[in-house]
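Enquirer:
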Ligand SMILES: Nc1ncnc2c1ncn2[C@@H]1O[C@H](COP(=O)(O)OP(=O)(O)O)[C@@H](O)[C@H]1O
Ligand SMILES: [Mg+2]
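Chains as they are written, first to last, in my numbering: chain A, 98 to 327; chain B, 1108 to 1190; chain C, 1108 to 1190; chain D, 3 to 732.
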């Protein structure tokens, strides 16, 4: 696990930024905070887009923040291959809206916000992250209104072939089926990973202590921090 | 029975605050599209209606809009039956 | 510079499923409005645009729709400049 | 325009003229109408509320400010208050509830505190007619709280016919502040500038305070209609930026006074700051940023547009504060200045359009005195309820009752974990938060079933206080303070006035008996339709300090073989006011809590449990649904089960009585002797119920008769409320 600094971006309306900073702090990782109007990410080669309601989730979740100045820097860093990116919940929505990850996050199938503990499993091992082995399970909370991963069927099939479908909702034993689908995501998709860009709807930064419900979020973040090939 | 395509356009009443529209306007401005001076967000509902004629299709769509689709406290609606 | 009212109508691509629309259809059905056979939900954006003429107002609105208002992954849009 | 157009009586109008030494002009009359409304002036309730105990060792700020403040640990303080948004939520449930959440959050922020928790208290008419309203209100609470990033860590919901046209939406907010940053509206100094921050002012909710919240809709059917175009819309995005901007402004050290703009908007905010700071204020209304250009001074002063804050800053600090605010894309707009005389002077393009003493506006409304002969408490109404033979189906029926059943269908729509402090969330009877800032935690409880106060408001008020404080104590926490949300009908009707006095009397007597002060609250009157009032409803919030918040006392029994006891079993387990009685259509009167013994008994139980080894027991207070419901919740859906035995006489009462002060405790076998000895030494009375066993079955023996239920079936009843398909506007 590298101890190089991780940048956490705050957009107006982000509200999981402090929790994310604290979670990384628990792992002993230095954090630098970045503001949505900043035009660069400084020295940081890893960046987290935290959860929340950037711009109130107005228009579509993540749509307005995706056009913020700092996102030019994120896009550059991805294009040049020097940046590793994690989008959590609203951060995932921002990455999709920016086109840095495929697909869109539509309203949950019942149209309602949902905050519950769920199980997710690694569906496909992401190329740069050896510690996310297929089948590894995490118990993590979700808290979103727009989390139904959607895109035209043929394109989702292509994502499976590419190995981009990273996380799926599942049962406690790892079984995948619609009964474990909390929001109507196609194929129970909970997270996507393409190249060095990863996004997921669940909140690892909240599952950081047994007394908060689970420590799996620390495991998750540790695995994310252990990316290879920088 | 014929089938009609009916479009219901739902808008916030003009005096009601539209924070989402404000936020969108702010971002368009930042993106350099300064010519956009105001933004108001509304909703669009496309219905397929089975009815005897265009007038009864309209009546059904209006009932749906009044009773369910639009919120009369905050919104107004217009119904258009496509030819 | 003149001011134009421009309406952007945003709809889901026909091949994209609309569960929210289906849910609304189900409720209408339950309420007895069985003539409504399908419901698709879309969005409406009303813009006030300052531009030289209607064509440049349209161009600006189209740019706004393409770059921000509509999500190209799932949606299509139409722009209408009001006379 | 006459006095009645702004809701003033002739006598009040004369008082206005007397204070001014002349007749008010129409704008001035409007200002008085708003601030002398029931909602803003507390003219009916003030003298009764003054009898509540308000002082205590932990109190830093009592009633009177934007929120009460208690000392939590060292220089860390907790600001908290409950606020109602009942009428707006009836007119437009989503926005009404959302703006209610926004309003109470701003009250806490105005104290300089960062909000860390919300709780919501809801009342609706019976289902299914109320479903749409409930859906909308829950949507609204969630929309605002989730978006602004303050967890909704708990709440309560009850149903009753009287609430059908008068739903209640009360919201509690708690926030953390360091002593040095504690703010108030009393610090403004002459010569300083007055600024507005936040949303431009529109015609939202004009007359909301004076008319909407202070009258019955049935008296003014047209009021609902004419209010409609002015419904306030909540904007949590601006709310979030305003919260951050205000806290950042305060952190510069330059802010003298903060006041949120709530009921009666700028009128209330400016008059309050001037009055409490013992100075005056001049405002240039043409400088107030507007959403609609054609607004008049009257509309500007009375607008209830949300997400606005008033700050008082000396000239020298303006630049620094402006920078702090601008970071959040907001502007610090100068609208006036503080002056050294008792005046609120309003200018419009340079000309003075209103000039009235701030003290007359904010402190001058003639108040209603509490009659000498109002001896509290009155004699208790007779409460004997026939106790029929026990029927086994009552157990699942009580568990499935709307007042008891699982609330997951509501709280899953609230983010209750954000800020990562929630050790215990809404799936428990109390919320327990750990703090990142201090080595202690916060315990929060909210309670106030209207059923308990329906026939005897004193008993209901006292019962709610006993239950909220009891829940805090039995989570091993030190109660620091109370906030009370009082909801009643039209106080001008003698019966309602009486209920109100009794409710306050019950709260006062119980708070006094527990020695826990009331540091703030809210009163909402006129919750009635066609002369039928709601049940008098006191929503009591209790806050406590928790010394081991990451290891709360458990409320679920882990395994077979544990002994079950009912602590403080009432000699007469009265059924009045209970869910069981309500279900059978004869509510009766809630048994009056014996305040001479309950506080000591609960404190002794806490001390006794605290001496047992960790993990040796679990505990629950007995509440809605009585011992039966507490037992099933303690066992959990998968078991262990339990075998219990009760006396056949008063069996129904034993199972379903909701008498205050009872607690269900399970003791690990190895700790039983220690519990027994401790209970004897401390004179803690308990009734042995039986033991847990491996079977996921609850069995009950009473004399020669026996019954049993599978926990799966009981939990299926408890969880019987399924999420209805979305009924409201898509
Ligand atoms: N039932 C009550 N018990 C104690 N204090 C109360 C009660 N109702 C109102 N208060 C106090 O009166 C003051 C004014 O309340 P309110 O007008 O609701 O404040 P706000 O204008 O912030 O909404 C507050 O300090 C509040 O705590
Ligand atoms: Mg206030």
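We put the beta carbon where it would ideally sit given N, CA and C, even for glycine.
No experiment lies behind these values; they were computed from the predicted model shown.
Quick one: which chain B residues come within Cβ less than 7 Å of residue 1169(C)?
Expert: Mapped onto the third chain, residue 1169(C) falls at position 62. Simply none; closest approach about 11 Å.
Enquirer: According to a CB-to-CB cut-off of less than 8 Å, which residues of the stretch 281-300 of chain D neighbour chain B?
Expert: Going along the stretch 281-300 of chain D in chain order, one finds 293 and 294 with a Cβ nearer than 8 Å to chain B.
Enquirer: May I ask you to list, following chain order, the residues of the stretch 1137-1159 of chain B that have a beta carbon less than 7 Å from some beta carbon of chain C?
Expert: Correct list: 1138, 1140, 1142, 1143, 1144, 1145, 1146, 1147, 1148, 1149, 1150, 1151, 1152, 1153, 1154, 1155, 1156, 1157 and 1158.
Enquirer: Going by C-alpha to C-alpha distance, which of 608(D), 5(D), 427(D) and 477(D) sits closest to residue 556(D)?
Expert: Within the fourth chain, the letter at position 554 stands for residue 556(D). When only C-alpha atoms are compared, the closest one is 477(D).
Enquirer: Could you confirm whether any beta carbon from chain D is found closer than 8 Å to the beta carbon of residue 1122(B)?
Expert: Looking up residue 1122(B) in the second chain gives position 15. Yes, because at least one Cβ of chain D sits closer than 8 Å to the Cβ of residue 1122(B).
Enquirer: Would you check if the stretch 363-370 of chain D and the stretch 678-691 of chain D touch, i.e. whether three or more CB-CB distances between them fall below 8 Å?
Expert: As far as the Cβ criterion goes, the stretch 678-691 of chain D does not touch the stretch 363-370 of chain D, which means the pair count is below three.
Enquirer: Measuring CB to CB, does residue 474(D) end up less than 8 Å from residue 432(D)?
Expert: Position 472 of the fourth chain, counted from the first residue, corresponds to residue 474(D). Position 430 of the fourth chain, counted from the first residue, corresponds to residue 432(D). Closer than 8 Å, so yes.
Enquirer: May I ask you to verify whether the stretch 617-630 of chain D touches the stretch 584-599 of chain D, counting CB pairs closer than 8 Å and requiring at least 3?
Expert: With a cut-off of 8 Å, the stretch 584-599 of chain D and the stretch 617-630 of chain D do not count as touching, because too few Cβ pairs lie within range.
Enquirer: Residues in the same chain with beta-carbon distance under 8 Å from residue 647(D), minus the five sequence neighbours each way, listed in chain order, please.
Expert: Walking along the fourth chain from the start, residue 647(D) turns up at place 645. Correct list, in chain order: 691, 692, 702, 703 and 704.
Enquirer: In chain order, which continuous runs of the alpha helix (DSSP H) of length 4 or greater are located wholly inside the stretch 47-116 of chain D?
Expert: Listed in chain order, they are 48-51, 88-93 and 95-111.
Enquirer: Name, in chain order, the residues that DSSP records as bridge partners for residue 239(D).
Expert: Counting from 1 along the fourth chain, the entry for residue 239(D) is found at position 237. Looking at the DSSP assignment, residue 239(D) forms no beta bridge with any residue, so it has no partner.
Enquirer: Could you have a look at residue 582(D) and say whether DSSP puts it in helix, strand or coil?
Expert: The residue labelled residue 582(D) in the question sits at position 580 within the fourth chain. The answer is helix: DSSP assigns residue 582(D) an H, G or I state.
Enquirer: Whose CA, out of 1159(C), 1142(C), 1165(C) and 1120(C), lies closest to the CA of residue 1170(B)?
Expert: As a position in the second chain, residue 1170(B) is number 63, starting the count at 1. For the residues 1159(C), 1142(C), 1165(C) and 1120(C), the minimum Cα distance to residue 1170(B) belongs to 1142(C).
Enquirer: What is the DSSP secondary structure of residue 694(D), counted as helix, strand or coil?
Expert: Position 692 of the fourth chain, counting from 1, holds the residue named residue 694(D). Note: residue 694(D) maps to strand in three-state DSSP.
Enquirer: Is it true that the stretch 436-448 of chain D meets the stretch 111-128 of chain D, where meeting means three or more beta-carbon pairs spaced less than 8 Å apart?
Expert: As far as the Cβ criterion goes, the stretch 436-448 of chain D touches the stretch 111-128 of chain D, which means the pair count is three or higher.
Enquirer: When you compare only the Cα positions, how much space is there between residue 104(D) and residue 1139(B)?
Expert: On the fourth chain, position 102 is the one that residue 104(D) refers to. On the second chain, position 32 is the one that residue 1139(B) refers to. In a straight line, the C-alpha of residue 104(D) is about 32 Å away from that of residue 1139(B).
Enquirer: Can you have a look at residue 1108(C) and say buried or exposed, based on whether 16 or more other CB atoms are within 10 angstroms of its CB?
Expert: Within the third chain, residue 1108(C) is the residue found at index 1, counting from 1. Looking at its Cβ environment, which holds fewer than 16 other Cβ atoms inside 10 Å, residue 1108(C) is exposed.
Enquirer: Straight-line CA distance for residue 231(D) to residue 206(D)?
Expert: For the purposes of this step, residue 231(D) is taken as residue 229 along the fourth chain, with counting starting at 1. For the purposes of this step, residue 206(D) is taken as residue 204 along the fourth chain, with counting starting at 1. Because residue 231(D) carries a pLDDT of 41, less than 50, the predicted location of this residue cannot be relied on, and the following value inherits that uncertainty. Looking at the two C-alpha atoms, the distance is approximately 8 Å.
Enquirer: Kindly indicate which residue of 392(D), 572(D) and 257(D) has the alpha-carbon position closest to the one of residue 689(D).
Expert: As a working mapping, residue 689(D) is identified with position 687 in the fourth chain. Among 392(D), 572(D) and 257(D), the Cα nearest to that of residue 689(D) belongs to 572(D).
Enquirer: Is residue 219(D) buried or exposed, if buried means 16 or more other CB atoms sit within 10 Å of its CB?
Expert: Start at 1 with the first residue of the fourth chain, and residue 219(D) comes out as number 217. Confidence at residue 219(D) is low in this model, with a pLDDT of 49, below 50, so the placement of that residue should be treated as unreliable; the coordinate-derived value is given next. Counting Cβ neighbours within 10 Å, residue 219(D) comes out buried, since at least 16 surround it.
Enquirer: If you follow the alpha helix (DSSP H) that residue 619(D) is in, where does it begin and where does it stop?
Expert: By 1-based counting over the fourth chain, the position of residue 619(D) is 617. Here residue 619(D) belongs to no alpha helix (DSSP H); instead the beta strand (DSSP E) covers 619-623.
Enquirer: Whose C-beta lies closer than 6 Å to the C-beta of residue 212(A) among residues of the same chain, with five residues either side of it excluded?
Expert: Taking the first chain and counting its residues from 1, the one referred to as residue 212(A) is at position 115. Closer than 6 Å at the Cβ level, and outside the excluded window around residue 212(A), lie 240.
Enquirer: Compute the minimum distance between the beta carbon of residue 194(D) and the heavy atoms of ligand 4, and state whether it is under 7 Å.
Expert: No copy of ligand 4 occurs in the structure displayed; its ligands are ligand 1 and ligand 2 alone.
Enquirer: Report the three-state DSSP secondary structure of residue 594(D) (helix, strand or coil).
Expert: As a position in the fourth chain, residue 594(D) is number 592, starting the count at 1. In this structure, residue 594(D) counts as coil in the three-state DSSP scheme.
Enquirer: Where does residue 88(D) land, buried or exposed, given buried means 16+ other C-beta within 10 angstroms?
Expert: If you number the fourth chain from 1, residue 88(D) lands on position 86. It counts as buried.
Enquirer: Between which two residues does the alpha helix (DSSP H) carrying residue 250(A) extend?
Expert: Within the first chain, numbered from 1, the residue matching residue 250(A) stands at position 153. Note, residue 250(A): alpha helix (DSSP H), 250-259.
Enquirer: Report the partner residues of residue 265(A) according to the DSSP bridge assignment.
Expert: Sequence index remark: in the first chain, residue 265(A) carries index 168 (1-based). DSSP output for residue 265(A) lists 218(A) and 286(A) as bridge partner(s).
Enquirer: Return helix, strand or coil for residue 171(A), following the three-state DSSP convention.
Expert: To locate residue 171(A), count along the first chain from 1; it is residue 74. Of the three classes helix, strand and coil, the one that applies to residue 171(A) here is helix, per DSSP.
Enquirer: Could you tell me the distance, in whole angstroms, from the CA atom of residue 524(D) to the CA atom of residue 310(A)?
Expert: Position 522 of the fourth chain, counting from 1, holds the residue named residue 524(D). Position 213 of the first chain, counting from 1, holds the residue named residue 310(A). If you take the alpha carbons of residue 524(D) and residue 310(A), they lie about 35 Å apart.
Enquirer: Are there three or more Cβ pairs, one per stretch, closer than 8 Å when the stretch 67-79 of chain D is compared with the stretch 500-510 of chain D?
Expert: No, the stretch 67-79 of chain D does not touch the stretch 500-510 of chain D.
Enquirer: Name the one or two DSSP bridge partners that residue 241(A) has.
Expert: As a working note, residue 241(A) is residue 144 in the first chain. The partner list for residue 241(A) (beta bridge, DSSP) reads 211(A).
Enquirer: What is the residue span of the beta strand (DSSP E) that residue 1110(C) lies within?
Expert: As a first step, residue 1110(C) is located in the third chain; it is residue number 3 there, counting from the start. That run of the beta strand (DSSP E) goes 1109-1119.
Enquirer: Hey, could you find the ends of the alpha helix (DSSP H) residue 411(D) is sitting in?
Expert: What you label residue 411(D) is simply residue 409 of the fourth chain in a count that begins at 1. It spans 410-413 - the alpha helix (DSSP H) in which residue 411(D) sits, taken as one unbroken run.
Enquirer: Just list the alpha helix (DSSP H) runs in the stretch 1159-1187 of chain B, keeping only unbroken ones of 4 residues or longer that don't cross its boundaries, in chain order.
Expert: With a minimum length of 4 residues, the continuous alpha helix (DSSP H) runs that stay inside the stretch 1159-1187 of chain B are 1161-1171.
Enquirer: How is residue 644(D) classed by DSSP in three states: helix, strand or coil?
Expert: Here residue 644(D) refers to the residue found at position 642 when the fourth chain is read from its first residue. Residue 644(D) falls in the strand class under three-state DSSP.
Enquirer: Would you kindly check if the distance between the Cβ of residue 197(D) and the Cβ of residue 335(D) is under 8 Å?
Expert: As a working note, residue 335(D) is residue 333 in the fourth chain. As a working note, residue 197(D) is residue 195 in the fourth chain. Yes; because the gap between Cβ atoms is below 8 Å, this pair is in contact.
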